[in-house]
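This report refers to the structure that appears directly beneath it.
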Amino acid sequence: MPVKIDADLPAAKFLERENIFFMTKERALSQEIRPLKIAILNLMPDKTATETQLLRLIGNTPLQAEIVLIRTATYESKHTDEEYLKSFYMTFDEAVARHLKFDGLIITGAPVEKMEFTSVAYWDELNRIMTWAQSNVYSSMYICWAAQAAMYGLYGIKKYPLEEKMFGVFEHNVYDRTNPLVRGFNDVFHAPHSRYTFVRREDVEKTDALTVLADSDEAGLYLVASKDLRHVFVFGHGEYDVNTLDDEYRRDRGRGLKTKRPKHYYRNGKPFMSWRAHESLLISNWLNYCVYQITPYDLKELR
């Protein structure tokens, strides 16, 4: 899916270096097709790294997608220059003012999971975004902390603290192979986790609207979806680069934290990538089966 992005976006040079196809807005306008409109609400501190990770995955599928980067207005980022945000992002309020609707929405994780949801500075705004998405977005994907936040905000399902950080790359089992989100998956696949809290599988299974699609005996839930495929919850970080966990480990130790080495991650002492293929397939399946195949051609018809 050639992603339609601003040619000046810093992530563009990383995608070009990796031979990931992207399309400038000028080139996209010359094609007589409607691109999927995908919004990314980026809550991560390192905006460029997260943009690159997600755009790499979206750009590896065969349809055109127009990407709109969104940020919250109720929290001022301490890690990203304000001019950068003004150049490449719009606030949620700006999206509402423009009456924008989207085929898909991705909400990233955020380094706030030790906090109670209601103590997060932008919690009220995030709730407004999730409510707005019910009638302005066809299918939403929530990653890591956002998956826990959406579980709580949409279904009242709580998160619980872990005794120590769930950190590493873990084996996951696939369930309900009739669900298109896991079409083509192996029986067992790998995916990274990096979090201090978790959602109980039994709480999810009590909610009739939800289906557990993949979990790990060691790490717990990984993939859950609503039965109408309008909500997809990914409790790990399949978008991570090969060195991301190692960088987090070194950062944590540098801050004096007692974080243990990420499990099942290093091979011969070096970070080893074992999850990229399945994460690419997950994003491709979501865009194809949950968005492209069933979203209305005219987004004004979204309800």
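Quick note on numbering: the numbering used here labels position 293 of the sequence shown as 432, and the sequence is numbered without any gaps. Backbone N, C-alpha and C define an ideal beta-carbon position, used for all residues, glycine too. Model, not experiment: these values are computed from the prediction.
Neighbourhood of residue i by C-beta distance below 7 Å, restricted to the same chain and skipping five residues each side
i: Leu168; result: The predicted position of Leu168 is uncertain, since its pLDDT is 47 and thus under 50; a value taken from the coordinates is nonetheless stated next. Closer than 7 Å at the Cβ level, and outside the excluded window around Leu168, lies no residue.
i: Glu171; result: Annotation note: pLDDT 48 at Glu171 (below 50); position unreliable, coordinate value reported separately. Closer than 7 Å at Cβ, skipping near neighbours: no residue.
i: Ala260; result: Thr213, Tyr214
i: Tyr228; result: Leu208, Ile209, Arg210
i: Arg392; result: Thr398
i: Lys253; result: Tyr335
i: Met269; result: Ala289, Gly292, Leu293
Bridge partners - residue i, DSSP secondary structure assignment
i: Arg334; result: Met305
i: Ile404; result: Here the sequence assigns Tyr to residue 404, which means Ile is not the residue at that position. Answer is none; Tyr404 lacks a bridge partner.
i: Ile179; result: Leu208, Ile245
i: Lys439; result: Beta-bridge pairing links Lys439 to no other residue.
Beta-carbon gap between residue i and residue j smaller than 8 Å
i: Ala236; j: Thr191; result: no
i: Ala353; j: His311; result: yes
i: Ser279; j: His370; result: yes
i: Leu196; j: Glu387; result: no
i: Leu362; j: Tyr335; result: no
i: Ala330; j: Glu418; result: yes
i: Ile282; j: Gly243; result: no
i: Val381; j: Pro410; result: yes
i: Glu293; j: Ala364; result: In the sequence as presented, Glu is not what sits at residue 293; that position holds Leu. No, the pair does not count as a contact, with Cβ atoms beyond the cut-off.
i: Leu426; j: Leu194; result: no
Residues near residue i by beta carbon distance below 8 Å, same chain, minus five either side
i: Trp271; result: Phe231, Val235
i: Arg340; result: Val351, Asp354, Gly359, Leu360
i: Val327; result: Glu310, His311, Asn312, Val313
Residues of its chain near residue i, where Cβ-Cβ distance is below 6 Å and the 5 sequence neighbours each way are ignored
i: Gly307; result: Pro401, Lys402, His403, Tyr404
i: His180; result: Before going further, note that residue 180 is Leu rather than His in the sequence given. Same-chain partners within the cutoff: Ile209, Ile246.
i: Asp385; result: Pro410
i: Trp262; result: Phe256
i: Trp284; result: Gly248, Ala249, Glu252
i: Gly323; result: Leu420
Whole-angstrom C-beta distance between residue j and residue i, which should lie under 8 Å
i: Gln287; j: Val338; result: 6 Å
Those runs of the alpha helix (DSSP H) which lie wholly inside the region 353-392 and span at least 4 residues: For the region 353-392, not a single whole alpha helix (DSSP H) run of length 4 or above is found.
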